[in-house]
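Take a look at the structure below.
In the working numbering, the protein residues as written are 18 to 248.
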């Protein structure tokens, strides 16, 4: 299923000339649009995580694509006066990207990918990019009672909302980006799409836990039967 979905994703990858930015275009029915949302910036992290399931050659190709896409997503932020990303970007032949919808609502997808890439590559560049993004949030979004989004990343005009995912995801991934790899190790935990970390349980562990529960249930039933029997 993963390999099939990756073939579909690769068919949407573009890199216009002379731009240095690789992006994933949108598909609507049979037509393609040269547009990429910040929401799609979870893809570099997804690819980095998925690359571990391939042999060395294919793994490096997938990881390389993840790094190219992450560079694009980082520049979603760097390309605006506030250094915060707009909601989406358009790509035109002979030009670099340009912001489309220009609000920012404190989304986590780019820093999520920076976290994964930092863990898988050990490259400190991703921490530096994350720090740039955090500083931009501090400068433009922080207010006395929390953080707010921007109505326009070009002018810096603020809105009056702090989305719940800013705490649950954006700041969590920024925190983990600068944490040792032993903190919520990816060998022991897997993040769902909302950044909650369920622990990885192997089939052997599941069977062991199941057997333990059965034994415990039997003992409990025995004690209760004995208790009622005494009466």
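We treat Cβ as the ideally placed atom computed from N, Cα and C, and that holds for glycine.
Because the structure is a prediction, the values reported are computed rather than measured.
Cβ neighbours of residue 214 in the same chain (closer than 6 angstroms, five flanking residues each side left out): Against the chain shown, residue 214 aligns to sequence position 197. Cβ-Cβ distances below 6 angstroms link residue 214 to 201, 206, 208 in the same chain, with the five nearest sequence neighbours on each side left out; the list follows chain order.
Span separating the alpha-carbon of residue 39 from that of residue 143: Within the chain shown, numbered from 1, the residue matching residue 39 stands at position 22. Within the chain shown, numbered from 1, the residue matching residue 143 stands at position 126. Residue 39 and residue 143: Cα-Cα distance of roughly 17 angstroms.
Within the continuous alpha helix (DSSP H) that includes residue 48, where are the two ends? What you label residue 48 is simply residue 31 of the chain shown in a count that begins at 1. Where residue 48 is concerned, there is no enclosing alpha helix (DSSP H), although the beta strand (DSSP E) it sits in stretches over 48-50.
Tell me the DSSP secondary structure of residue 146 in three-state form. Here residue 146 refers to the residue found at position 129 when the chain shown is read from its first residue. Looking at residue 146 - three-state DSSP - the assignment turns out to be helix.
What does the alpha-carbon distance come out to for the pair residue 164 and residue 81? For this step, residue 164 is matched to residue 147 along the chain shown. For this step, residue 81 is matched to residue 64 along the chain shown. One Cα belongs to residue 164, the other to residue 81, and the distance between them is close to 34 angstroms.
DSSP-derived helix/strand/coil call for residue 106: Within the chain shown, residue 106 is the residue found at index 89, counting from 1. In the three-state reduction of the DSSP assignment, residue 106 falls in the strand class.
Quick one: what's residue 160 bridged to in DSSP? Taking the first residue of the chain shown as position 1, residue 160 is located at position 143. Residue 160 pairs with 163.
Using the Cα positions of residue 129 and residue 218, report the straight-line distance between them to the nearest angstrom. Position 112 of the chain shown, counted from the first residue, corresponds to residue 129. Position 201 of the chain shown, counted from the first residue, corresponds to residue 218. Cα-Cα distance, rounded: 23 angstroms.
How big is the Cα-Cα spacing for residue 182 and residue 126? The count along the chain shown starts at 1 and reaches residue 182 at position 165. The count along the chain shown starts at 1 and reaches residue 126 at position 109. Spanning the two alpha carbons is a distance of roughly 10 angstroms.
Give me, in chain order, the residues of the same chain whose beta-carbon lies closer than 8 angstroms to that of residue 18; leave out the 5 immediate sequence neighbours on both sides. Here the question's residue 18 lines up with position 1 in the chain shown. Cβ neighbours of residue 18 beyond the five flanking positions: none.
Would you kindly work out how many angstroms separate the C-alpha atoms of residue 238 and residue 204, rounded to a whole number? Position 221 of the chain shown, counted from the first residue, corresponds to residue 238. Position 187 of the chain shown, counted from the first residue, corresponds to residue 204. Because the pLDDT at residue 238 is just 43, under 50, the model does not fix this residue reliably, and the value given afterwards should be weighed accordingly. Those two C-alpha atoms are separated by around 37 angstroms.
Roughly how many angstroms separate the alpha carbons of residue 154 and residue 34, rounded to a whole number? Taking the chain shown and counting its residues from 1, the one referred to as residue 154 is at position 137. Taking the chain shown and counting its residues from 1, the one referred to as residue 34 is at position 17. Their backbone Cα atoms lie some 32 angstroms apart in a straight line.
Would you give the residue range spanned by the alpha helix (DSSP H) that residue 85 belongs to? The residue you call residue 85 lines up with position 68 of the chain shown. Going by DSSP, residue 85 is part of the alpha helix (DSSP H) stretching over 73-95.
Does the structure place the stretch 66-75 close enough to the stretch 85-100 that three or more beta carbon pairs sit under 8 angstroms? Short answer: they don't touch.
For the beta strand (DSSP E) containing residue 44, list its first residue and its last residue. Translated into the one-based positions of the chain shown, residue 44 becomes position 27. Per DSSP, residue 44 is one residue of the beta strand (DSSP E) stretching across 43-45.
Given that a residue counts as buried once 16 or more other Cβ atoms are within 10 Å of its Cβ, and exposed if not, what is residue 170? Counted from its first residue, the chain shown places residue 170 at position 153. Here residue 170 is buried: its Cβ has 16 or more other Cβ atoms, across all protein chains shown, within 10 Å.
Are the beta-carbon atoms belonging to residue 92 and residue 166 less than 7 angstroms from one another? Taking the first residue of the chain shown as 1, we reach residue 92 at position 75. Taking the first residue of the chain shown as 1, we reach residue 166 at position 149. The answer is no: Cβ separation not under 7 angstroms.
Which first and last residues belong to the alpha helix (DSSP H) in which residue 63 is found? Along the chain shown, read from residue 1 onward, the residue named residue 63 stands at position 46. It spans 60-67 - the alpha helix (DSSP H) in which residue 63 sits, taken as one unbroken run.
What do you get for residue 158, buried or exposed, if any count of 16 or more other CB atoms within 10 angstroms of its CB means buried? Numbered from 1 along the chain shown, position 141 holds the residue referred to as residue 158. Counting of Cβ neighbours within 10 angstroms places residue 158 among the buried residues, the total reaching 16 or more.
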